[in-house]
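Here the sequence shown stands for residues 29 to 236, where the numbers follow our numbering.
Just so it is clear, CB atoms sit at the ideal spot from N, CA and C, and this is done for glycine as well.
Remember, predicted model here, so these are calculated numbers, not experimental data.
Scroll down for the structure; my scribbles are underneath it.
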Amino acid sequence: MSAPVPSGVLVMNVERNDSQTDPATPEADRIVAEVLAGDTQAFAGLVRLYQETVWRIAAALLRDRDATENLVQQVFVDAYFHLDQYALDTDFGAWIRTVARNRLRKELRSAGREDRRLAGYRERLAERLRAEAAGPQDAADEYVAALRGCRESLPPRDAALIRMRYEKGLSFDTIAQAQGQSADAVQRMLSRIRFRLRDCIRSKLNTT
Numbered sequence: 029m030s031a032p033v034p035s036g037v038l039v040m041n042v043e044r045n046d047s048q049t050d051p052a053t054p055e056a057d058r059i060v061a062e063v064l065a066g067d068t069q070a071f072a073g074l075v076r077l078y079q080e081t082v083w084r085i086a087a088a089l090l091r092d093r094d095a096t097e098n099l100v101q102q103v104f105v106d107a108y109f110h111l112d113q114y115a116l117d118t119d120f121g122a123w124i125r126t127v128a129r130n131r132l133r134k135e136l137r138s139a140g141r142e143d144r145r146l147a148g149y150r151e152r153l154a155e156r157l158r159a160e161a162a163g164p165q166d167a168a169d170e171y172v173a174a175l176r177g178c179r180e181s182l183p184p185r186d187a188a189l190i191r192m193r194y195e196k197g198l199s200f201d202t203i204a205q206a207q208g209q210s211a212d213a214v215q216r217m218l219s220r221i222r223f224r225l226r227d228c229i230r231s232k233l234n235t236t
């Protein structure tokens, strides 16, 4: 990733892009369809297309490279697990920016908007993605490798739930009937699985 540009430019660029149709949306839609069909490797394409967009949003407020890198990774983890909520043929750029801003607001709230919020980031993010040396392709490949490894480590039942919901696109009611559970129970189980996968991915990215 490139170094952040001055904050005034960052904010201006983000506001301008929000009012325009994302020219990369057709390619993004194609990739989204592939991911939802089960090709998790294709998600690297979305990382390559939009990591600079997400980086700019994060850097505009965080102003700290380690914290920015951490938030960018979290945004793409969020995007992966909520990809089925994106409506094809709309504007993927606007959607990913919304995901990024929601994550940024959560991080700032949990950190109390004080300078001490950065201390925890620095401790957890030593060697994050080796961003100074690694290019976009390296970062995308590393993320996808972490995602694949974490999915493969899931217990069979958890892996089956992920496949039914995010690869086959089944409704909570349909999954509940197949599992002999209530729809609410299925939603709770999937939420817990997503959190475990997020922690696993972050751990792998922090230690590589």
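{"Query": "Identify the continuous alpha helix (DSSP H) that holds L198 and give its terminal residues.", "Result": "Counting along the chain, L198 falls outside any alpha helix (DSSP H), and DSSP gives it neither H nor E."}
{"Query": "Would you give the residue range spanned by the alpha helix (DSSP H) that R84 belongs to?", "Result": "F71 to L90"}
{"Query": "Evaluate contact between the stretch 112 to 126 and the stretch 77 to 90, counting only Cβ atoms and requiring at least three cross-stretch pairs below 8 Å.", "Result": "yes"}
{"Query": "Let me know the secondary structure DSSP gives Q102 once reduced to three states.", "Result": "helix"}
{"Query": "Comparing alpha-carbon positions, which option in L89, D201 and R176 lies nearest E135?", "Result": "L89"}
{"Query": "Would you kindly work out how many angstroms separate the C-alpha atoms of E180 and R191, rounded to a whole number?", "Result": "12 Å"}
{"Query": "Here's the rule: buried if 16 or more other CB atoms are within 10 angstroms of the residue's CB, otherwise exposed. What is R144?", "Result": "The predicted model places R144 with a pLDDT of 49, which falls under 50 and marks its position as unreliable; any figure quoted below should be read in that light. When all chains shown are included, R144 counts as exposed."}
{"Query": "Can you give the beta carbon distance from V103 to R131, rounded, assuming they're within the 8 Å contact cut?", "Result": "5 Å"}
{"Query": "Alpha carbon to alpha carbon, what distance is there between E97 and A173?", "Result": "18 Å"}
{"Query": "Rounded to whole angstroms, what's the CA-CA distance from Y194 to L64? Just pull it up for me.", "Result": "6 Å"}
{"Query": "By the 10 Å Cβ neighbour count, where 16 or more other Cβ atoms means buried, how is Q113 classified, buried or exposed?", "Result": "exposed"}
{"Query": "Could you tell me which of V75, R224, L77 and R91 sits nearest to A187, measuring between CA atoms?", "Result": "R224"}
{"Query": "Report the three-state DSSP secondary structure of Q113 (helix, strand or coil).", "Result": "helix"}
{"Query": "When DSSP labels each residue in this structure, what does P184 get in the three-state scheme?", "Result": "helix"}
{"Query": "Would L175 and I229 be called neighbours here (beta carbons separated by less than 8 Å)?", "Result": "yes"}
{"Query": "Assuming contact is defined by CB atoms lying nearer than 8 Å, are Q69 and L233 in contact in what I supplied?", "Result": "no"}
{"Query": "Check whether the Cβ atoms of D57 and F120 lie closer than 8 Å to each other.", "Result": "yes"}
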